[in-house]
Every structure is written in structure tokens, then in C-alpha cells.
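The opening position of the sequence shown corresponds to residue 7 in this note's numbering, with each subsequent residue numbered one higher. Data block below; observations after.
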Amino acid sequence: MIKPESIQRLIEQTDIVDVVSRYVNLKRSGRNFVGICPFHDDKNPSMSVSPELNIYHCFSCKAGGNAINFIKEYEKLNFPEAVEKLASMQNFALEYTDEKSNFKKLDKEALSIVKAYYQSLLYQNKAAINYLYNRGFNDELIAKFELGYAPNSQNTLNLLANEKIDPKDAINLGIVKVGEGGNLYASFIDRIIFTINNHAGKIVGFGGRTITNHPAKYVNSPQSSVFDKSQIFYAYDKAKDEIYKLKEIIITEGYMDTIMLHKAGHKNAVAVLGTALTPKHLPLLRRSNAKITLCFDGDSAGINAAFKSSKLLLQNDFDTSVVVIPKGADPADLVQAGNLKELDKILNSKTEAGEFVIRQIANEFELQRPVQKQLALEEIVKFTKTLNPIVADSYKSLVSMILGISIDSFSLSNSGKNSIKSIPNFAKFEKKKDYLELQIIKTLYLNKDLFNKCKDMFLDAKFQTHEDEFKALLRTQKTPEDEIMLREISIDISIDEFKSIDELSSAYKILIINTYENMLKKLKNSDIENKQEKIKQVQRRIIKLKGVK
């Protein structure tokens, strides 16, 4: 945690005119400076920057604050990230309240040293640079995406020794691994290196592509104190301005596709660092309120990833489409060949995500057989009942057409006869657990009476994506970062509040059910003793909580 007094000193030592002028053209107007406000569609200079008060203010949209506020809003960062960004710009050494935060700072310094070393070697290796040139890369792309080359293991180990980087830190960061006999070796050997940054542009890890035909074509840094691949999008830091501008994000399967899409002008492209999206990706996606296009390969792995990702996004109310790349039409190859019209044609051949999921489910059954048709309908309904009822019911005509059944013979939403009524608003809560957590936090933050009555109830509930915010809510002595984080949730009009203890109790049950369902998945994949009995115990608890007879 950054010390509040350190933040205050940073603000006092910062010239806000210098900071804002890096983003906006400013002109002097009397004692102040004026410029076009970047936070709304400003035609005439509406934003005033006061060097005396060290603040900015827009007279049209009312945006305003100090240099940290400006960077936070402009760069789409949270409060701590904006503080660190400003400190970096000002060459200011922040002070932290615990060793963990300082450790993270040291982590990123070590990663930056290794990155610079790998970058310095790229043009020295003819095989690596020729591979990139042959795939359509140019020097501008190589610099923008911070590509490099990892040499043999000993060279990397020598670098760590020369730079006095602690081997334990290097292991924790995934720069090196421990081999037989406790000997260290580099994680990336004879590989083209892709620098992986978080959404704020801070380095958190690496990806590597073999140029020696190693069986593992691509490898990523392992999980570490700064790297969690289940919540990071590759190139989001490069794409976020375009994402916010277009209100659309393209999500691909890999580095190459993303970089080549940027080269082709689709600068809102990012990549997952695994096979599919996870719930941890959702908070970052929710920030931009952008439409989502999943752009995945047409092989079985790509279809499966698109299927799982589509379900996750729809269940959390994201407006999503799917583009399946035909075999032999790799985006990187199309860009390299200059066939941009074909690429645009593919990207425009979108299928709405719900339709994609329903058609994929139907494809698994022999629909000419009546019993198979019934089974297909049951699987489709199982999916649609996890959605908002209005969204679910909008697929009725599609399902009727695909299955060849009467539109009046079935229900796709929980408003039908099979809905679960034991828990109030069960479908509303179940469909988007990320949003549910935000509802709980906002309600308890704004309503002190409900907070005092209900806070203990949630202590044994598992917050999957907003645990940090919930911990901040419970802290008696809140830090400035806590207050900023909670205030952002409280003023978000898209997050509804609960109005009663009954509604909060229902939300609590869903969180507990979710905990048990996760436990159930782990049990099914485990080899523990009495596995079946334990599975039945958990299933009984879930059934009891749902009130299903």
C-alpha cells in the first residue's frame, strides 16, 4: 500500500500544467491555461488548468481534480496505478506501508532489466529477426510491442548475476527455473520474446515463441506475484484508447493475430493468454462498456474456447459476437499477404454469441430423431435459463427454427414453469456473479444500517473477482485507495442496490452456492478417498440452498 503522506508529497511536487500538457495542447489564458477537454466531445476549449491551485476543471462536463485524477481518468487506471504512473513521470520515489508492495516494485524493475536485455539481442540474431520480417513485422511494430530475443540459458544467468538480481526473485518471476540438483536455468531459451504488460502498461511477464522447432511452440511466464494470466489481456495497454473510442474490443487467441490486426488498423485487438476467458477478465472488460468480438480459430480448440467464452460473457450481460476464422485464413497470414479486404470480410461475418452457442449445442444432436431433438432443447434451455429473461426469450424464434418445433411449446427463461422460486430473484443473481458482488459491496457501503446488520453474514462467503474491494469495505481504518475504490463502485449507476435484508440474504445464498459448485468441480477432478460420498454431500447442500425438491 502506498503511504498517504507519500501521495501528498507527490501531488505537491507535481506541476499539473506539465502533466496535462503531455496529453492536451494548452494555451495560456491570463493566470491559467486552457485546452480541449478530453473527457467529453469538446469543440471549444472548456478545460482550465490552474498552476496556482494545481488543479484542472472542465466547465462543460465538470471533470476536474489534481494530476492523479487527470491521469486516472485519461489512462483508465485505478487510483494506485495512476499514482505510480505519475510518480514514474516525475521520477518520484513512492513509499509503501508494507514489504509486499516494495517487493512488487522490485519485481517490475527486475523484469524491465531482463526485457531491455532481450530487446538488445533481437537484431543480433538473424534467425529471429528474419522470422519476424517474414511474418510481416517491421521495425515500428517490433518497437511498439517490445519484442526481443532470449539467448541460451547461461547468458540470461550471467545477466542476473551482473545486475545483482536475487535468484529467489528471478525464480518467483519465472525468469529462471530450478532444475535437477537445484541448478538454475533460464525459462526462455532460443525464443522470440513478447513483452506482456498489464492494462496500465507495466511489465508483468513474457511470452516466448520457439525458433528451433521446440515441441512447445509458445510458452508464457508462470503465475507470479505480478503475473496472473487469467486476468490479463495481451496488448490491452496498447489497445485501450481505441477500445474506449470505438466502444468495441476484438479478443483473439494469440500474440501474432493481435499484432497483425493492429498493423491492419484494428488497434482495438487484444489476446487472451490461455484458451478462453475467465471470470477474472470481466472487471477489466466492464470498465470500457464495449461490445466484444471473439475472433478465434475454426479448429476444435478455437470453437471450444469461443463456446465457453460466449457463455461466460452472455451470463454476465456483455454484448458479444463471434468470428470463427476459416481454416487457412489466419489473420497474420492475410495481413502479411496484404489481403486486407478478405480480413475485413471475415471480421464482419459476425454471429451473435447467443446464436453461436445455441447452434453449437444443436450440432451435437441428430435433430431428425425426436428424442435427440428433445435432448437438444433441454441443453439449450439449461443455457438460456442462466441469462437475463429478456435476452433468453429473444432466442425463441431461432430455437424454433433450428429444432423445427412450435414457438409456443417451450420456454427459454426462468419465467417459465421450471423456474427456481425458492430464492427471490435467483436468476437475476445467478447470471452474473461478478455483478452480484458489486451490488453487495455498493449496498453495504451506502447503507450503514444494512452494513451493520449483514456484514457478518458475508464473512464466510467467497468473493471471486472483487475480494480486494470487499476487504476494503470491512476495514475500519480505510486508506485513500480504499475510499477511491469504494467510491467508484458507489457512484456507478449501472450497479443496482439491494433494498432489504431479504434481498441481501438471497445474494448471500448465491455466493455460497457458487462456492459449493466450485468445490464440486474440484472434487470431480480429484482422486481423494470417498470421492463419490463427498460429491453427494456437496450436491445435497447445493440442492438444499436452492430449495429444489
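Think of the CB as a built atom: it goes at the ideal place given N, C-alpha and C, for glycine as much as any other residue. From a predicted model like this one, the values you see are computed outputs, not experimental measurements.
Problem set entry | Completely contained beta strand (DSSP E) runs for the stretch 207–284, where each covers 3 or more residues | With a minimum length of 3 residues, the continuous beta strand (DSSP E) runs that stay inside the stretch 207–284 are 209–216, 224–226, 254–258 and 275–278.
Exercise. Expressed to the nearest angstrom, what Euclidean distance is found between the alpha-carbon atoms of residue 338 and residue 216?
Worked result: Whole-angstrom Cα-Cα distance: 17 Å.
Exercise. Residues in its own chain within less than 8 Å of residue 176 by CB, not counting five upstream and five downstream?
Worked result: These residues qualify, in order along the chain: 116, 166, 182 and 190.
Problem set entry | Backbone secondary structure at residue 183 - three-state DSSP | Three-state result, residue 183: strand.
Exercise. Rounded C-beta distance between residue 302 and residue 331? I'm assuming under 8 Å.
Worked result: Sure, about 7 Å apart at Cβ, within 8 Å.
Exercise. Under the three-state reduction of DSSP, which class applies to residue 52: helix, strand or coil?
Worked result: Residue 52 falls in the coil class under three-state DSSP.
Problem set entry | Beta bridge counterpart(s) of residue 330 as assigned by DSSP | In the DSSP assignment, the residues bridged to residue 330 are 302.
Problem set entry | Collapsed DSSP secondary structure at residue 76 in the structure displayed | Assignment of residue 76 by DSSP, reduced to helix, strand and coil, places it in the helix class.
Problem set entry | C-alpha distance - residue 474 paired with residue 480, whole-angstrom precision | Their backbone Cα atoms lie some 10 Å apart in a straight line.
For this session: Rank 146, 141, 130 and 169 by C-alpha distance to the C-alpha of residue 156 and give the top, closest one.
Result: Ranked by how close their Cα comes to the Cα of residue 156, the residues 146, 141, 130 and 169 have 130 in first place.
For this session: Can you tell me the Cβ-Cβ gap for residue 545 and residue 526, rounded? I've got them flagged as a contact below 8 Å.
Result: So it is a contact: roughly 7 Å between Cβ atoms.
For this session: Report yes or no: do three or more beta-carbon pairs, one from the stretch 15–34 and one from the stretch 56–66, lie closer than 8 Å?
Result: Here the stretch 15–34 lies against the stretch 56–66, with 3 or more beta-carbon pairs under 8 Å apart.
Problem set entry | Closest Cα partner of residue 321 within the set 398, 308 and 277 | Here the closest residue by C-alpha is 398.
Exercise. Leaving out five residues before and five after residue 457 in sequence, what residues of the same chain have Cβ atoms less than 6 Å from its Cβ?
Worked result: A distance below 6 Å between beta-carbons, with the five flanking residues on each side excluded, links residue 457 to the following residues of its chain, in chain order: 450.
Problem set entry | Whole-Å CB distance - residue 226 paired with residue 207, under 8 Å assumed | Going by Cβ atoms, the distance from residue 226 to residue 207 rounds to 18 Å, so no, they are not a contact pair.
Problem set entry | Reduced DSSP secondary structure (H/G/I, E/B, other) of residue 34 | In the structure shown, residue 34 adopts extended strand secondary structure according to DSSP, grouped into three states.
Problem set entry | Given 8 Å, three or more beta-carbon pairs between the stretch 236–252 and the stretch 288–300 | In short, these stretches touch, since the Cβ pair count reaches three.
For this session: Please look up how many angstroms separate the CB atoms of residue 412 and residue 406, rounded, as I've assumed it's under 8 Å.
Result: Correct: roughly 7 Å between the Cβ atoms.
Exercise. For the alpha helix (DSSP H) that contains residue 514, what are its first and last residues?
Worked result: Residue 514: member of the alpha helix (DSSP H) spanning 507–530, first to last residue.
Problem set entry | Residue nearest to residue 253 in terms of C-alpha spacing, selected from 275, 278 and 294 | Residue nearest to residue 253 within the set 275, 278 and 294 is 294 (criterion: CA-CA distance).
Exercise. How many angstroms separate the CA atom of residue 359 from the CA atom of residue 540?
Worked result: Computed Cα separation, rounded: 36 Å.
For this session: May I ask which residues mark the beginning and end of the alpha helix (DSSP H) holding residue 460?
Result: Looking at the DSSP string, the run of the alpha helix (DSSP H) that includes residue 460 is 454–460.
Problem set entry | Distance between residue 136 and residue 390 (C-alpha atoms, nearest Å) | Taking the CA atoms as reference points, residue 390 sits about 49 Å from residue 136.
Exercise. So residue 277 packs on residue 260, CB below 8 Å; how close in whole Å?
Worked result: Right, the Cβ-Cβ distance comes to about 5 Å (below 8 Å), so this counts as a contact.
Problem set entry | residue 201, enclosing beta strand (DSSP E) - first and last residue | Unbroken beta strand (DSSP E) run through residue 201: 197–203.
For this session: From the DSSP output, in three-state form, read off residue 566 for me.
Result: As shown, the chain starts at 7 and ends at 555. That puts residue 566 outside it, with no answer to give.
For this session: Let me know if residue 465 comes out buried or exposed under the rule of 16 or more other beta-carbons within 10 Å of its beta-carbon.
Result: By the 10 Å Cβ count, residue 465 comes out exposed.
Exercise. Which residues mark the beginning and the end of the alpha helix (DSSP H) in which residue 62 is found?
Worked result: Unbroken run through residue 62 is the beta strand (DSSP E), 61–64; no alpha helix (DSSP H).
For this session: Could you tell me which residues DSSP puts in a beta bridge with residue 71?
Result: Note: residue 71 sits in a beta bridge opposite 62.
For this session: From the DSSP output, in three-state form, read off residue 82 for me.
Result: Residue 82 falls in the coil class under three-state DSSP.
Exercise. Measuring CA to CA, which of 179, 363 and 164 is closest to residue 309?
Worked result: Nearest C-alpha to residue 309: 363.
Exercise. Under the three-state reduction of DSSP, which class applies to residue 319: helix, strand or coil?
Worked result: In the structure shown, residue 319 sits in a helix (DSSP, three-state: H, G or I).
Exercise. Can you name the start and end residues of the beta strand (DSSP E) that residue 382 belongs to?
Worked result: Taken as a continuous stretch (DSSP letters only), residue 382 belongs to no beta strand (DSSP E), being part of the alpha helix (DSSP H) at 376–390.
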